[in-house]
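Please read the structure below before turning to the comments.
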Amino acid sequence: MPQFGSFALIFALVLSAYCFFAGMLALRRQAVGIPNYPLAETARRAGIATWAAVAGAAFALVWSAINNDFSVAYILHHTNRDLPTPYKFAALWSGQEGSLLFWALLLSTYGLVLRLRYKVDVKLTAYASTILAAVQLFFLLLLNFAATPFSLVRGNIPADGNGLNPLLQYPEMVIHPPMLYLGYVGFAVPFAFALGALIMKYPGEKWIHITRRWTMVTWCFLTCGIFLGAHWAYSVLGWGGYWGWDPVENASFFPWLTGTAFLHSVMMQEKRGMLKTWNVWLIFSTFMLSILGTFLTRSGVVSSVHAFAQSSIGEWFMWFLAVILAVCLYFYIRNRDHLRSEHRLESLLSRESSFLFQNLVLLASCFAILWGTLFPVLSEWIQGHKVTVGPPFFNRVNVPIAMFLLLLTGVGPLLAWRSTSWASLKRNFTIPVIAGVATAIILMGFGVRPWEDAAHFYSLMAISLAALVTATIVSEFVRGGRVIARHTGQNLLAAMVTLTRRNTRRYGGYIVHFGVVVIVIGLAGAAFNQQKEQELGFHEQMQIGPYTLVCDNYTQEDNPNYTIEYAILNVYKNGKPIGQMFPAKKFFKASQQPDTIVANHSTPIEDLYVIYAGKNFDSDKPIIKVFINPLVMWIWAGVWVLIFGTVVAMVPPISAAAVPSAQRVRPATAALPVNSQPVEAGD
Amino acid sequence: MKLFRRLSTSILTVVFSVSLLGASGDHARFADLGHRMMCVCGCNQILLECNHVGCTYSDRMRQQLMAATQRESSDDNILQAFVKEYGTTVLAAPTMRGFDKIAWIMPFAVFLGGSLTAVMVIRNWKHRQPALPTLHGTGQALDQYREQARRETSL
Chain A
26 MPQFGSFALI FALVLSAYCF FAGMLALRRQ AVGIPNYPLA ETARRAGIAT
76 WAAVAGAAFA LVWSAINNDF SVAYILHHTN RDLPTPYKFA ALWSGQEGSL
126 LFWALLLSTY GLVLRLRYKV DVKLTAYAST ILAAVQLFFL LLLNFAATPF
176 SLVRGNIPAD GNGLNPLLQY PEMVIHPPML YLGYVGFAVP FAFALGALIM
226 KYPGEKWIHI TRRWTMVTWC FLTCGIFLGA HWAYSVLGWG GYWGWDPVEN
276 ASFFPWLTGT AFLHSVMMQE KRGMLKTWNV WLIFSTFMLS ILGTFLTRSG
326 VVSSVHAFAQ SSIGEWFMWF LAVILAVCLY FYIRNRDHLR SEHRLESLLS
376 RESSFLFQNL VLLASCFAIL WGTLFPVLSE WIQGHKVTVG PPFFNRVNVP
426 IAMFLLLLTG VGPLLAWRST SWASLKRNFT IPVIAGVATA IILMGFGVRP
476 WEDAAHFYSL MAISLAALVT ATIVSEFVRG GRVIARHTGQ NLLAAMVTLT
526 RRNTRRYGGY IVHFGVVVIV IGLAGAAFNQ QKEQELGFHE QMQIGPYTLV
576 CDNYTQEDNP NYTIEYAILN VYKNGKPIGQ MFPAKKFFKA SQQPDTIVAN
626 HSTPIEDLYV IYAGKNFDSD KPIIKVFINP LVMWIWAGVW VLIFGTVVAM
676 VPPISAAAVP SAQRVRPATA ALPVNSQPVE AGD
Chain B
21 MKLFRRLSTS ILTVVFSVSL LGASGDHARF ADLGHRMMCV CGCNQILLEC
71 NHVGCTYSDR MRQQLMAATQ RESSDDNILQ AFVKEYGTTV LAAPTMRGFD
121 KIAWIMPFAV FLGGSLTAVM VIRNWKHRQP ALPTLHGTGQ ALDQYREQAR
171 RETSL
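In order, the protein sequence lines correspond to chains A and B. For the first sequence, counting from 1, position 365 maps to 390 in this note's numbering; every step adds exactly one. For the second sequence, counting from 1, position 13 maps to 33 in this note's numbering; every step adds exactly one.
This is the structure in structure tokens:
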């Protein structure tokens, strides 16, 4: 099987090289007026075949893992015989080489979909396909020459493997990396379309219509990936938190921030023909930041607790990044006249300005995180010694920026396009501002003292702003719903559903904003975290907040994969029993590494988060660490709301679906080049 | 507009001054200092959050910190003593001195610079708005403007 995998990778490299060079040649010939359609078609088909070859290689690696083929070095280092099958499957993305193969597989899958749907716009898709082939070529070169997943073990083949990192042996780890990679890789598609449209000076905003859903799906995957990672950290790492500002976490945040900015600013281009250069560079930056993040975390330039650091492939990514930047700059300078805005901003108090400032805030946050991640390197270079840039820096810099962003989330939807009058501003903002101020007063009544502690101040600000934003969202739904109700005779709730179905993008967007609000409320709870650590012998008890934990027993078990020590704790809240908890510590035999199994009693008010921190060998008592983390469940609930909102925003609106397709052709299609097909609304 | 300016200035002032607030009190001091330092075992975790099994550093460092908070008069002296023993990487964030200060200034400088540039650009554009085109009452021209209005207001 390893031979088959290696061959499949070489074959994929040849096919993607053909797809790239033949595609480029076909486009060149078309540009000079001597089109060669068969050549273009073979390039497209080679791109499709690349997927089959890469999928074959990925299959070979998974097959080797499932069949314990320890002659393959990667399988030897990342699996063992007693590893459960789902984790053997997850071995595909558990190490450097496998994850790069997985990246290539996802990229070729996106390419497959794009090439199969080429009739959406034949010429633009041909450009995008060729650009994607170039990206694919890079990853296949890497897989064939720098990080080969099918390297064979020299000498005697061990009877068993080293096992999978215990931290990765958790159900969420089976889906967290794929989600994250789907997000990273997915941004290659809008990038390819944007660059293609710039190269061919594509008229109109059609590339945006085509890539809108790609971008939203990708953004949603990346969001899910980030929060699955946070949930995994919370459930597995056992330090009581969900976000540690580690460089790998930061790297996933860079493209998310610029991608979010792109999703907003692109509306200005669609609606008013503005910010064309800005949007093109936003999507270029988003893709480049995906690559930069990979470079940072795999080159060892910055230290990370994640496993990929310190490898030789960083240099490859650096050069790739340099080439992408050079290509983007070259075509931008050559074709920048094509990106002239059709309109200009007319007022500071307008929807356009709020989008612009929101974009600035997102980019400022992205810069702050990138700056903090790179500052240790800069400091070492200039001062000769490294400094640590940890959570205190990121929290202090990003929290005020996030507050401003939240405020804009509330303000933006209430501003009119072009210009807003002070009278309308006053009318629209009265209720949301009252909601925000009332929330602040109520919180202070419940004992929040913003003048005593910065964390309390920010928490109060966040929840008050969340109330303000919620009020603006509700008022938007109610206002629109009332109009529909008046015209159709529906009740208000049904009218709001109709309203959402008529403009799924706008109201889906509001639901996404509401999801963000719920997440922010969850994050704000961190200001009130409590923690306590204590040795807990038989029938001894510890008290934290309203909870009493009594140690009923502590014991040890053994199975072929690991040994486990755990405590059995009876838990009481205000004297009433609420159940038993079993915090544990596993010790994996193959990898000789320990792992924490957190016991968590989660409610909408707070999490009682209990860790078995180890055993004091002098007293033979387990050490129990307990946290009370308020409102954490809101974070995970907010993510579900956010996903729901994204799905709603992607559904075609009913008004558009009711119109015959012939009437949905946009006027801009009249200017489309030969061979291109009109795109349907919502695509 | 004046009201808007005053309001935004007040909000910004409060936000920035509160961001400089710190925790106070004896118990809070240990927690505060413990969260301003990293465990140096290589786990990349805040000192008081290190849960690295068998960590040979965090317990010792916590005990040192506890002793120091009872002994030393200023937080600065305690932090400096740790820097002397464990190196500059023991601090969880750059200091507010020398080159490290740039780490703190840059993000806000970029944000403020970007915002000011955007405000200036918008004002500049606003003052150079072209005169509104005269509408000729032909059906085709009106349809064109209706289509533009529909497109620009549908979101």
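Even for Gly, the Cβ is constructed at its ideal location relative to N, Cα and C. Source: prediction; values computed, not measured.
Exercise for the section: Just grab the DSSP bridge partners of B/Leu111 for me. Expected result: If you number the second sequence from 1, residue 111 of chain B lands on position 91. DSSP output for B/Leu111 lists B/Met57 as bridge partner(s).
Problem - Under the three-state DSSP convention, the category A/Ala33 falls into - result: On the first sequence, position 8 is the one that residue 33 of chain A refers to. Correct three-state label for A/Ala33: helix.
Exercise for the section: Please go through the same chain and pick out, in chain order, the residues whose beta-carbon is closer than 6 Å to the beta-carbon of A/Ser627, but skip the five residues on each side of it. Expected result: Counting from one through the first sequence, the residue named residue 627 of chain A turns up at place 602. Taken in chain order, the residues that qualify are Met658.
Problem - Residue range of the beta strand (DSSP E) that includes A/Tyr143 - result: Reading the first sequence from its first residue, position 118 is the one you call residue 143 of chain A. Careful: A/Tyr143 lies outside any beta strand (DSSP E) and carries neither H nor E.
Practice task
Establish whether the CB of A/Gly415 and some CB of chain B are separated by less than 8 Å.
Solution key: Translated into positions along the first sequence, residue 415 of chain A becomes position 390. It does: the Cβ of A/Gly415 has a partner Cβ on chain B nearer than 8 Å.
Exercise for the section: Verify the CB distance criterion: does A/Phe356 have a CB-CB separation below 8 Å to chain B? Expected result: Here the question's residue 356 of chain A lines up with position 331 in the first sequence. With 8 Å as the cut-off, A/Phe356 does not count as an interface residue toward chain B.
Problem - Beta carbon of A/Thr497 nearer than 8 Å to that of A/Gly435 - result: Translated into positions along the first sequence, residue 497 of chain A becomes position 472. Translated into positions along the first sequence, residue 435 of chain A becomes position 410. Closer than 8 Å, so yes.
Exercise for the section: Determine whether the Cβ of B/Ala43 lies closer than 8 Å to any Cβ atom of chain A. Expected result: The residue labelled residue 43 of chain B in the question sits at position 23 within the second sequence. Because the pLDDT of B/Ala43 is 41, which lies under 50, any placement of that residue in the model is unreliable, and the question is left without a value.
Handout entry: Proximal residues to A/Leu131 (C-beta, below 7 Å), its chain only, five neighbours per side dropped
Key = By one-based count along the first sequence, residue 131 of chain A stands at place 106. Hits under 7 Å: Tyr206, Leu207 and Val210.
Practice task
Using the Cα positions of B/Asp5 and A/Asn423, report the straight-line distance between them to the nearest angstrom.
Solution key: A question about residue 5 of chain B goes unanswered here, because the residues of chain B that appear run from 21 up to 175.
Problem - Interface residues of chain B facing A/Trp257 [CB-CB closer than 8 Å] - result: The residue labelled residue 257 of chain A in the question sits at position 232 within the first sequence. Proximity of chain B to A/Trp257 at the Cβ level (cut-off 8 Å) is not reached, the minimal Cβ distance being about 15 Å.
Exercise for the section: Using a Cβ cut-off of 8 Å (strictly closer), state whether A/Asp185 contacts chain B. Expected result: The count along the first sequence starts at 1 and reaches residue 185 of chain A at position 160. Not closer than 8 Å to any Cβ of chain B, the Cβ of A/Asp185 fails to qualify, so no.
Handout entry: Complete alpha helix (DSSP H) runs within the region 431–510 of chain A (minimum length 4 residues, chain order)
Key = Counting only runs of 4 or more, we get 447–470.
Handout entry: Extent of the continuous alpha helix (DSSP H) to which A/Tyr112 belongs
Key = The sequence position of residue 112 of chain A within the first sequence is 87, counting from 1. Residues Thr110 to Ala115.
Handout entry: Coil, strand or helix - A/Lys611 by DSSP
Key = In the first sequence, counting from the first residue as 1, residue 611 of chain A sits at position 586. Looking at A/Lys611 - three-state DSSP - the assignment turns out to be strand.
Problem - Option in A/Ile316, A/Ile569 and A/Leu667 with minimal Cα separation from A/Phe246 - result: Taking the first sequence and counting its residues from 1, one reaches residue 246 of chain A at position 221. Closest by alpha carbon: A/Leu667.
Practice task
Using three-state DSSP, classify A/Phe216 as helix, strand or coil.
Solution key: Position 191 of the first sequence, counted from the first residue, corresponds to residue 216 of chain A. Helix, per DSSP.
Practice task
Using the Cα positions of A/Ala159 and A/Phe45, report the straight-line distance between them to the nearest angstrom.
Solution key: Translated into the one-based positions of the first sequence, residue 159 of chain A becomes position 134. Translated into the one-based positions of the first sequence, residue 45 of chain A becomes position 20. If I take the Cα positions, the gap works out to 6 Å.
Exercise for the section: With distances taken Cα to Cα, identify the nearest neighbour of A/Leu440 among A/Asp107, A/Val57 and A/Arg376. Expected result: Within the first sequence, the letter at position 415 stands for residue 440 of chain A. Looking at the Cα atoms, A/Arg376 is the closest of the given residues.
Practice task
Counting only the same chain and skipping the five closest in sequence on each side, list residues whose C-beta sits under 8 Å from that of A/Val178.
Solution key: Looking up residue 178 of chain A in the first sequence gives position 153. The residues Phe95, Ser96, Val97, Ala98 and Leu101, in chain order, have a CB closer than 8 Å to that of A/Val178 in the same chain once the five nearest residues on each side in sequence are set aside.
Problem - Beta-carbon neighbours of A/Arg369, restricted to chain B and to distances below 7 Å - result: Position 344 of the first sequence, counted from the start, is the residue given in the question as residue 369 of chain A. Listed by position along chain B, the residues whose Cβ is nearer than 7 Å to that of A/Arg369 are Trp145.
Exercise for the section: Find out if the Cβ-Cβ distance for the pair A/Ser226, A/Asn360 is shorter than 8 Å. Expected result: Mapped onto the first sequence, residue 226 of chain A falls at position 201. Mapped onto the first sequence, residue 360 of chain A falls at position 335. Per the sequence shown, residue 226 of chain A should be read as Lys rather than Ser. Contact flag set, yes.
Problem - 8 Å Cβ cutoff, B/Gly134 in contact with chain A - result: Locating residue 134 of chain B in the second sequence gives position 114, where the first residue counts as 1. B/Gly134 counts as touching chain A.
Handout entry: Identity of the residues DSSP links to A/Val242 by a beta bridge
Key = Residue mapping note: residue 242 of chain A aligns to position 217 of the first sequence, counting from 1. Looking at the DSSP assignment, A/Val242 forms no beta bridge with any residue, so it has no partner.
Practice task
Have a look at A/Val684 and A/Ala42 and give me their C-alpha separation to the nearest angstrom.
Solution key: Counting from one through the first sequence, the residue named residue 684 of chain A turns up at place 659. Counting from one through the first sequence, the residue named residue 42 of chain A turns up at place 17. Low confidence applies to A/Val684: its pLDDT is 42, below 50, so where it sits in the model is not reliable enough to give any reading.
Problem - Straight-line gap, A/Leu364 to A/Val291 (C-alpha atoms, nearest Å) - result: Translated into positions along the first sequence, residue 364 of chain A becomes position 339. Translated into positions along the first sequence, residue 291 of chain A becomes position 266. Rounded to the nearest whole angstrom, the C-alpha separation of A/Leu364 and A/Val291 is 13 Å.
Practice task
Have a look at A/Leu433 and A/Gln383 and give me their C-alpha separation to the nearest angstrom.
Solution key: Sequence index remark: in the first sequence, residue 433 of chain A carries index 408 (1-based). Sequence index remark: in the first sequence, residue 383 of chain A carries index 358 (1-based). Each residue's alpha carbon lies about 6 Å from the other.
Practice task
Take the Cβ of A/Asn586 as the centre, count every other Cβ of all protein chains shown within 10 Å, and call the residue buried at 16 or more, exposed below.
Solution key: Residue 586 of chain A sits at position 561 when you count from the first residue of the first sequence. Here A/Asn586 is buried. Its C-beta has 16 or more other C-beta atoms within 10 Å.
Problem - Nearest-angstrom Cβ-Cβ length linking A/Ala465 and A/Ser489, presumed shorter than 8 Å - result: Taking the first sequence and counting its residues from 1, the one referred to as residue 465 of chain A is at position 440. Taking the first sequence and counting its residues from 1, the one referred to as residue 489 of chain A is at position 464. Correct: roughly 4 Å between the Cβ atoms.
Exercise for the section: Scan the region 90–120 of chain B for residues whose Cβ lies nearer than 9 Å to a Cβ of chain A and list them as they occur along the chain. Expected result: Look at the region 90–120 of chain B: the residues with a C-beta under 9 Å from a C-beta of chain A are Gly107, Thr108, Thr109, Val110, Leu111, Ala112, Ala113, Pro114, Thr115, Gly118, Phe119 and Asp120.
Handout entry: CA-to-CA distance, A/Arg54 to A/Ala258, given in whole angstroms
Key = As a working note, residue 258 of chain A is residue 233 in the first sequence. As a working note, residue 54 of chain A is residue 29 in the first sequence. Taking the straight line joining both Cα atoms gives about 52 Å.
Problem - Coarse secondary structure for A/Ala592, derived from DSSP in three states - result: For the purposes of this step, residue 592 of chain A is taken as the residue at position 567 of the first sequence. A/Ala592 falls in the strand class under three-state DSSP.
Practice task
Could you tell me if A/Leu354 is buried or exposed, where buried requires 16 or more neighbouring beta carbons within 10 angstroms of its beta carbon?
Solution key: Counted from its first residue, the first sequence places residue 354 of chain A at position 329. Classification for A/Leu354: exposed.
Handout entry: Backbone secondary structure at A/Val704 - three-state DSSP
Key = Position 679 of the first sequence, counted from the start, is the residue given in the question as residue 704 of chain A. Summary for A/Val704: the model assigns pLDDT 32, below 50, so the residue's position carries little reliability; its value from the coordinates is reported in the next sentence. Looking at A/Val704 - three-state DSSP - the assignment turns out to be coil, as it is neither helix nor strand.
Exercise for the section: Would you kindly report the start and end of the unbroken alpha helix (DSSP H) that includes B/Thr137? Expected result: Taking the second sequence and counting its residues from 1, the one referred to as residue 137 of chain B is at position 117. Looking at the DSSP string, the run of the alpha helix (DSSP H) that includes B/Thr137 is Asp120 to His147.
Problem - C-alpha distance - A/Val412 paired with A/Asp107, whole-angstrom precision - result: As a first step, residue 412 of chain A is located in the first sequence; it is residue number 387 there, counting from the start. As a first step, residue 107 of chain A is located in the first sequence; it is residue number 82 there, counting from the start. Using only the alpha carbons, I get a separation of about 42 Å.
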